[in-house]
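K.L.:
All residue numbers for the sequence shown refer to the numbering used here, where the first residue is 35 and numbers rise by one.
Every residue, glycine too, gets a C-beta built ideally from N, C-alpha and C.
My structure is below; once you've seen it, I'll send some questions.
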Amino acid sequence: MLEPISPGVWRVRLGKPESVTPVGRRETPPMLDAIAKLPAPGPCPFDPATWTFTTGPRGCVIDMPWNGEPAYGLGLQLKSFNQRGRKKTLRTNSDPVADTGDSHAPVPFLVSTAGMGIYIDTVRYATVYVGSHGRTGHGSNWVRPSFLEIPGKDGQPAPAPKPTKDWRLVIDIPAAQGVDLYLFAGPDLKQAVQRYNLFSGGGCLPPMWGLGVWYRVLAKFSQDEVLAMAKGFREREIPCDVLGLEPGWQTQSYPCSYVWSPERFPRPQEIIDQLKGLGFRLNLWEHVFVHAESPVADGVRASSGNYEAFGGLVPDLTNPAAAGAFAAHHDRELVARGVSGFKLDECDNSDFLNGLPWSFPEHSRFPSGLDGEQMHSLLGPLYQRLIHSLFRKHNRRTYGQVRAAHGLASPDPFVLYSDLYEHRDFCRGVANIGFSGLLWSPEVRHAASAQDLLRRVQSVVLSPQALINAWYIRNPPWLQVNSEKNNRDELQDDREQLESACRELFRLRMRLIPTLYAAFARYRFEGLPPFRALVMDWPGDPQTHGIDDQWIIGEGLLVAPLFEGQKEREVYLPAGDWFCFHTHQKFEGGKKHTVPADDARVPMFVRSGCILPLAEPVLAVGDGTVFRVTATTFGASCAPINLFEDDGVSFDFESGKSNRVELAWSRANGPKVTRTGSYAGRRYEIVAWEHVGV
Ligand code: GAL
Numbered sequence: 035m036l037e038p039i040s041p042g043v044w045r046v047r048l049g050k051p052e053s054v055t056p057v058g059r060r061e062t063p064p065m066l067d068a069i070a071k072l073p074a075p076g077p078c079p080f081d082p083a084t085w086t087f088t089t090g091p092r093g094c095v096i097d098m099p100w101n102g103e104p105a106y107g108l109g110l111q112l113k114s115f116n117q118r119g120r121k122k123t124l125r126t127n128s129d130p131v132a133d134t135g136d137s138h139a140p141v142p143f144l145v146s147t148a149g150m151g152i153y154i155d156t157v158r159y160a161t162v163y164v165g166s167h168g169r170t171g172h173g174s175n176w177v178r179p180s181f182l183e184i185p186g187k188d189g190q191p192a193p194a195p196k197p198t199k200d201w202r203l204v205i206d207i208p209a210a211q212g213v214d215l216y217l218f219a220g221p222d223l224k225q226a227v228q229r230y231n232l233f234s235g236g237g238c239l240p241p242m243w244g245l246g247v248w249y250r251v252l253a254k255f256s257q258d259e260v261l262a263m264a265k266g267f268r269e270r271e272i273p274c275d276v277l278g279l280e281p282g283w284q285t286q287s288y289p290c291s292y293v294w295s296p297e298r299f300p301r302p303q304e305i306i307d308q309l310k311g312l313g314f315r316l317n318l319w320e321h322v323f324v325h326a327e328s329p330v331a332d333g334v335r336a337s338s339g340n341y342e343a344f345g346g347l348v349p350d351l352t353n354p355a356a357a358g359a360f361a362a363h364h365d366r367e368l369v370a371r372g373v374s375g376f377k378l379d380e381c382d383n384s385d386f387l388n389g390l391p392w393s394f395p396e397h398s399r400f401p402s403g404l405d406g407e408q409m410h411s412l413l414g415p416l417y418q419r420l421i422h423s424l425f426r427k428h429n430r431r432t433y434g435q436v437r438a439a440h441g442l443a444s445p446d447p448f449v450l451y452s453d454l455y456e457h458r459d460f461c462r463g464v465a466n467i468g469f470s471g472l473l474w475s476p477e478v479r480h481a482a483s484a485q486d487l488l489r490r491v492q493s494v495v496l497s498p499q500a501l502i503n504a505w506y507i508r509n510p511p512w513l514q515v516n517s518e519k520n521n522r523d524e525l526q527d528d529r530e531q532l533e534s535a536c537r538e539l540f541r542l543r544m545r546l547i548p549t550l551y552a553a554f555a556r557y558r559f560e561g562l563p564p565f566r567a568l569v570m571d572w573p574g575d576p577q578t579h580g581i582d583d584q585w586i587i588g589e590g591l592l593v594a595p596l597f598e599g600q601k602e603r604e605v606y607l608p609a610g611d612w613f614c615f616h617t618h619q620k621f622e623g624g625k626k627h628t629v630p631a632d633d634a635r636v637p638m639f640v641r642s643g644c645i646l647p648l649a650e651p652v653l654a655v656g657d658g659t660v661f662r663v664t665a666t667t668f669g670a671s672c673a674p675i676n677l678f679e680d681d682g683v684s685f686d687f688e689s690g691k692s693n694r695v696e697l698a699w700s701r702a703n704g705p706k707v708t709r710t711g712s713y714a715g716r717r718y719e720i721v722a723w724e725h726v727g728v
């Protein structure tokens, strides 16, 4: 029953799987050679002989034993972290009201601290019962609530019977009469995730400029207003790489025409070129629902679904003719003219927004035979892959935003975002994404106070995409955090101070680019997520199992975000020594520390034994930018690190045009920089070394 795919990866075929699944529709092949290079996994930790598989009129069910260890993943879960004991229905939905499993990115992959990963290859709304329910006759999982306690001897409540945990992992898949399950064995949690990401095709490597600061302008801005904003950023020395336009750039946006508005953008090529001249890349908002008068409409109509979304056609991008028409227009009119990427909005679904659903229904039918449920899981991935392939054709990398993703997502160069706005949940999102091959931005819009703004900006600059989404505010939020006042141009008294605090945070982001780019290179080639919850690196330390408000960037930079109103916070540092990023003060690991919440500085710690490269901040990453890097060593002995060096914009690295820049240091031999590879240019100059805690 267990079919080996590569070391530590197996497939189990149960019943008759559906013909449309993420694996069946994949475009990036698995990186089997890279999987084979990971540490040996040992035997398969799953035993399908102990499972039960049943089919019936409502679909199929797989029921398997499980040891009840903490388990993570199932996509962008904003409301919970450890999934043990929970029931999750994996539905693509943009505005969940509770911890149901609805998500922008409900990825059917679960991984546990025992280093076991399981991927369910389905686009159905599968429900995963992560040890939440017990079977009849196997002891009760039910814990009696205290109000039901029956007085025992001496009037004392009788002790509740100890629940016998009948830990089962149960997967209930509607409609399907079978499924392929892919099983991954670590040996530890991190490597199980790496295997899953490599099986997905490896991580994405964003263009270097994508790691800078992003700013989306007010939806109704005209071309002149956009240019004025761009110039203002440069004059005020606010680092920014990407400017994003929102719905107003098109003649029609609900549904979309994909055509520049002649009123707001009479000379589109001019604004693209002017922004380029100022060092900005341009990103355009759109969604996939096509206006009847769009030049794309004729090409997609025949294969579209029998229900609309926002009054537009719902194109079936599995249909080559429809995908071709959509792609050709985008290519000719936008990509070839210099647009750097897109924000693929609303390719998710909405059932809960003020009771007003806006997407196509699950019972929609498409001429290809797909139904609406399948299409909701597929639309985000199909859309991303279509846009990505356009850029690939031009040998240009893109980095964009998207509102929906699903299985095998790691190669897609798109970052998830949301209209939700709970800062605490947004940070949990950063901790969670690493389990599921996803990227996520806790984007900043308005704020409740100056402190709320600063703390949100701190989190976002330490996330996969440093995104300020000012689509409904005229002025940057640091000039006025309140959106109504902002739109009336009533600016805050302390705006200079706030602006300079935000500028400093954006500069911090720019200093981290070499670290971030190196972390993404490991994602690309080794499947190692650049942003990870602590449990991924320390699965054997039970204290990390519940930490959903801290994360690790790259090799050993630990971030503990702050929330509005906090005067101090607890930070757990795993075993070993740590140094405060800001003051270099030493902290002992293996325990919690209470640190003051200072408005200017987010708690960040560097693990002893790490080398941290920090760049002199630039305003934007140009094609020829060479970063001047100071390498700081932490602790008495350090492991070498590798920076990744290439042109930062093309796919030439895939044919070997890249360098590995190894930074090594030891007390005996001092610093050493070794460059290997065949990229002739330079992106880094190591200008200084500093030593902390020697
Ligand atoms: C929303 C999106 C926002 C903004 C807005 C414009 O769907 O999440 O970020 O783009 O549309 O209408």
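Tell me the start and end of each unbroken beta strand (DSSP E) in the region 401-455 that is at least 3 residues and wholly inside, in chain order.
P.N.:
You should have 434-436 and 448-450.
K.L.:
In the DSSP assignment, find the unbroken alpha helix (DSSP H) run with F559 in it and report its ends.
P.N.:
Per DSSP, F559 belongs to the alpha helix (DSSP H) from I547 to E560.
K.L.:
Taking the continuous beta strand (DSSP E) assigned at Y163, which residues delimit it?
P.N.:
Segment T161 to V164, the beta strand (DSSP E) holding Y163.
K.L.:
Return the residue from the list L124, L677 and G151 that minimises the CA-CA distance to L223.
P.N.:
Of the listed residues, the one whose Cα sits closest to L223 is G151.
K.L.:
Which whole-angstrom value is the C-beta distance of G471 and N127, which I expect to be below 8 Å?
P.N.:
Their Cβ separation, rounded to whole angstroms, is 19 Å, which puts G471 and N127 out of contact at 8 Å.
K.L.:
Return the chain-ordered ranges of every beta strand (DSSP E) run that is complete within the region 250-315 and spans a minimum of 3 residues.
P.N.:
Listed in chain order, the complete beta strand (DSSP E) runs (minimum 3 residues) inside the region 250-315 are 276-279.
K.L.:
Does the beta-carbon of W392, which I'm using as the reference point, lie nearer than 7 Å to any heavy atom of the ligand GAL?
P.N.:
It does not: the Cβ of W392 is nowhere closer than 7 Å to a heavy atom of the ligand GAL.
K.L.:
If we call anything under 8 Å between Cβ atoms a contact, is P564 one with L550?
P.N.:
Yes, the pair counts as a contact, with Cβ atoms nearer than the cut-off.
K.L.:
List the endpoints of the continuous beta strand (DSSP E) containing A359.
P.N.:
Premise fails: A359 lies in the alpha helix (DSSP H), P354 to H364, not in any beta strand (DSSP E).
K.L.:
Does at least one heavy atom of the ligand GAL sit under 7 Å from the Cβ of P33?
P.N.:
Residue numbering for the chain in the displayed model covers 35 to 728; residue 33 lies beyond these limits and cannot be assessed.
K.L.:
Along the chain, where does the beta strand (DSSP E) that runs through G375 open and close?
P.N.:
Looking at the DSSP string, the run of the beta strand (DSSP E) that includes G375 is G375 to L378.
K.L.:
Let me check one thing: in DSSP terms, what residues is N317 bridge-paired to?
P.N.:
DSSP lists G278 and G375 as partners of N317.
K.L.:
Check this for me: beta carbons of F613 and V640, under 8 Å apart or not?
P.N.:
Against a cut-off of 8 Å, the Cβ pair of V640 and F613 comes out as a contact.
K.L.:
Any idea what DSSP makes of L501, helix, strand or coil?
P.N.:
Strand, per DSSP.
K.L.:
Kindly indicate which three-state DSSP category N340 falls into: helix, strand or coil?
P.N.:
Here N340 sits in coil by DSSP.
K.L.:
Between the alpha carbons of A481 and N516, how many angstroms are there, rounded?
P.N.:
Each residue's alpha carbon lies about 6 Å from the other.
K.L.:
Three-state secondary structure (DSSP) at H725?
P.N.:
Residue state, collapsed to three classes: strand.
K.L.:
In the structure shown, what three-state DSSP assignment does D523 receive?
P.N.:
Coil, per DSSP.
K.L.:
May I ask which residues mark the beginning and end of the alpha helix (DSSP H) holding Q492?
P.N.:
Segment A484 to V495, the alpha helix (DSSP H) holding Q492.
K.L.:
Helix, strand or coil: how does DSSP classify H172 here?
P.N.:
Looking at H172 - three-state DSSP - the assignment turns out to be coil, as it is neither helix nor strand.
K.L.:
Could you check if N503 belongs to the surroundings of the ligand GAL, using beta carbon to heavy atom distance under 7 Å?
P.N.:
Yes.
K.L.:
Grouping DSSP H, G and I as helix and E and B as strand, with all else coil, what is V95?
P.N.:
V95 falls in the strand class under three-state DSSP.
K.L.:
Alpha helix (DSSP H) containing D571: first to last residue?
P.N.:
Per DSSP, D571 belongs to the alpha helix (DSSP H) from L568 to D571.
K.L.:
In three-state terms, what does DSSP make of F460?
P.N.:
Looking at F460 - three-state DSSP - the assignment turns out to be helix.
K.L.:
When DSSP builds the beta bridges, which residues end up paired with P79?
P.N.:
P79 is not bridged to any residue.
K.L.:
Please classify T134: does DSSP put it in a helix, a strand, or coil?
P.N.:
Looking at T134 - three-state DSSP - the assignment turns out to be coil, as it is neither helix nor strand.
K.L.:
Please determine if the region 432-443 and the region 457-465 are in contact, where contact requires at least 3 C-beta pairs separated by less than 8 Å.
P.N.:
Verdict: no, contact absent.
K.L.:
Among V43, G441 and Q526, which has the Cα closest to the Cα of L28?
P.N.:
Any question about residue 28 goes unanswered here, given that the chain covers just 35 to 728.
K.L.:
In chain order, what residues of the same chain lie with their CB nearer than 6 Å to the CB of Y288, ignoring the 5 residues before and after it?
P.N.:
The answer, listed in chain order, is F344.
K.L.:
Since G762 and A139 should fall inside the 8 Å C-beta cutoff, what is the C-beta to C-beta distance between them, to a whole number of angstroms?
P.N.:
Nothing about residue 762 can be read from this structure; the chain reaches only from 35 to 728.
K.L.:
I think A359 touches L420, with their Cβ atoms under 8 Å apart; what is that distance to the nearest whole Å?
P.N.:
Not quite, the Cβ-Cβ distance comes to about 11 Å (not below 8 Å), so this is no contact.
K.L.:
Consider the C-beta atom of P511 and the heavy atoms of the ligand GAL; say whether any pair is separated by less than 7 Å.
P.N.:
Incorrect: P511 has no Cβ contact closer than 7 Å to the ligand GAL.
K.L.:
So what's S700 in DSSP terms, helix, strand or just coil?
P.N.:
In the structure shown, S700 sits in a strand (DSSP, three-state: E or B).
K.L.:
Any chance the CB of P476 is under 7 Å from a heavy atom of the ligand GAL?
P.N.:
No, since every heavy atom of the ligand GAL falls outside the 7 Å radius drawn around the Cβ of P476.
K.L.:
How long is the line joining the alpha carbons of D200 and D446, rounded to whole angstroms?
P.N.:
About 38 Å.
K.L.:
Any contact between the region 589-605 and the region 488-498? By contact I mean 3 or more CB pairs, one from each, below 8 Å.
P.N.:
At 8 Å Cβ cutoff, the stretches touch.
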